[in-house]
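2 protein chains.
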Amino acid sequence: MALSLLGHISRGECKAMTHPPTDEADGQAADAAPVSAATVPVPTSAHAGPISHAIFRVARLHRMIAGQLLRRVGLYPGQELVMMQLWERGPQRQTDLVRLIDSDAATMTRTLQRLENAGFVRRSPSPTDKRAVIVEPTAASLALRREVERTWSDLEAAATGSLSADERITALDVLQRLEHSLAQSATALEE
Amino acid sequence: MALSLLGHISRGECKAMTHPPTDEADGQAADAAPVSAATVPVPTSAHAGPISHAIFRVARLHRMIAGQLLRRVGLYPGQELVMMQLWERGPQRQTDLVRLIDSDAATMTRTLQRLENAGFVRRSPSPTDKRAVIVEPTAASLALRREVERTWSDLEAAATGSLSADERITALDVLQRLEHSLAQSATALEE
DNA sequence: CTGTTTTAGTTGTTCGAACAGTAAATGCGT
DNA sequence: ACGCATTTACTGTTCGAACAACTAAAACAG
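Residue numbers (my numbering), protein chains in the order written: chain B, 1 to 191; chain Y, 1001 to 1191.
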């Protein structure tokens, strides 16, 4: 059963979102405003934080679809980011990748070990810095590049497919406002 | 170093998003349209899918902050969703929780085992269905409820703190459009 | 009633994410 | 030149997420 993709849609009351694409379109207004009764399986969290909850759902769906698309290419989510950096910027130290991808050194180490085992990456000690490891994409990995790029455009299409040009601009604006807001909170949380 | 929170902000070139809220507002047009030079550390993925990439970043920040807030309460991200369902709806079978949270049966099993070890949940065999396990919140867990609810409102504030009422409405609308779009794609990907 | 299918839950495995701790090399100030 | 903080990378651990395979019980069909 898993999440099986669109598992989150399976809460039956979310009418306009059931699999048969029969009646659609009116979906978003319908299940947001009314809040319905207490009988509706709207997760508790929706009361407390509608936008947080929406972010959560969008994020999960987005990640899920990305995972499905990447699976076809033979990568796990996250690995594609590393490969794209390597393809675009060439050989680098792990630290550089960590900074660019904005990831964790530990995660990067293990992800690169897996990419190395998969044959997509070669790692060699840096001649100038005995601590550093230089990472570079293998020739074999180059065959993936097109597929990964197509995956990204597929993913973008999945997210924005039913949006007009104006809506996409609005979406980007909203997302950046949210990011800005979250980033501010993150700084506050830090010290 | 980890992600250290706001690690992703540390790429200095992302002007309109640096901590000092000095010049903001113009952000989305600035780093989306021009694409700048090739020297800017805008992740490769941003070219291919600006909205996808924005979703990804918002999702990560959101999850990161949620993790920080939940840590104070003694829960891991995801566990709070289970507890909230239990608090609001009382004893349930695992399957019900899986459907409500929209999670995975395997994940639910292990999450509940951990919550049981932490003393927040009690699990007992169902008297009517020998397959099922009834899960209920412990008395000890009730002390958490307020804190978790405060966590959710804190998280909502973190995401929407710098947004006006109108912007929040727009944000919710956008997120629901994105969800709808992604959900549609998910169905297409399924069969 | 018997045989098949569906449902509920568990376990195993492989991922990334995050935190802590470690070791080695580098760099910097005195 | 020495000492000390920083940088770089790795390991261990615990999470959730996702997939596969499996058991046992229930529901269903004939």
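C-beta atoms are modelled at their ideal positions from N, C-alpha and C, and glycine is treated no differently.
For the C-beta of residue 1155 of chain Y, the chain B residues within less than 8 Å are, from N- to C-terminus, 49, 52. Counting the other CB atoms within 10 Å of its CB gives residue 74 of chain B a total below 16, which places it among the exposed residues. Linking residue 1176 of chain Y to residue 59 of chain B through their CA atoms gives a straight-line distance of about 12 Å. Following the DSSP letters along the chain, one finds residue 1091 of chain Y in no alpha helix (DSSP H), marked with neither H nor E.
By the beta-carbon neighbour count (other beta carbons within 10 angstroms, threshold 16), residue 97 of chain B is buried. For the C-beta of residue 1159 of chain Y, the chain B residues within less than 9 Å are, from N- to C-terminus, 49, 51, 52, 55, 178, 181, 182, 185. Around the beta carbon of residue 173 of chain B, a 10 Å sphere encloses 16 or more other beta carbons of the protein chains shown; the residue is thus reported as buried.
Bridge partners of residue 135 of chain B according to DSSP: B:92, B:123. A distance below 9 Å separates the beta carbons of residue 132 of chain B and residue 94 of chain B. Think of a sphere of 8 Å around the beta carbon of residue 170 of chain B: the chain Y residues whose beta carbon falls inside it are 1170, 1174, in chain order.
In terms of beta-carbon proximity, residue 1131 of chain Y stays away from the interface with chain B, with every pair separated by 9 Å or more. Here residue 1183 of chain Y is buried, its C-beta having at least 16 other C-beta atoms within 10 Å. Straight-line spacing of the CA atoms in residue 1076 of chain Y and residue 140 of chain B works out to 39 Å. A direct Cα-Cα distance of roughly 15 Å separates residue 1107 of chain Y from residue 1117 of chain Y. The Cβ of residue 1065 of chain Y sits closer than 9 Å to at least one Cβ of chain B. With its beta carbon at least 9 Å from every one in chain B, residue 1126 of chain Y lies outside the interface. Its chain contains 1077 as the residues whose beta carbon lies nearer than 7 Å to that of residue 1063 of chain Y, once the 5 sequence neighbours on both sides are disregarded; these appear in chain order. Excluding its 5 nearest sequence neighbours in each direction, residue 1147 of chain Y has C-beta neighbours in its own chain below 6 Å: 1073, listed in chain order.
Inter-residue distance for residue 1113 of chain Y and residue 1151 of chain Y is about 23 Å (C-alpha atoms, whole angstroms).
Residue contact with chain B for residue 1162 of chain Y: present (Cβ-Cβ distance below 9 Å to some residue of chain B).
At a Cβ-Cβ threshold of 9 Å, residue 1155 of chain Y and residue 1065 of chain Y count as neighbours.
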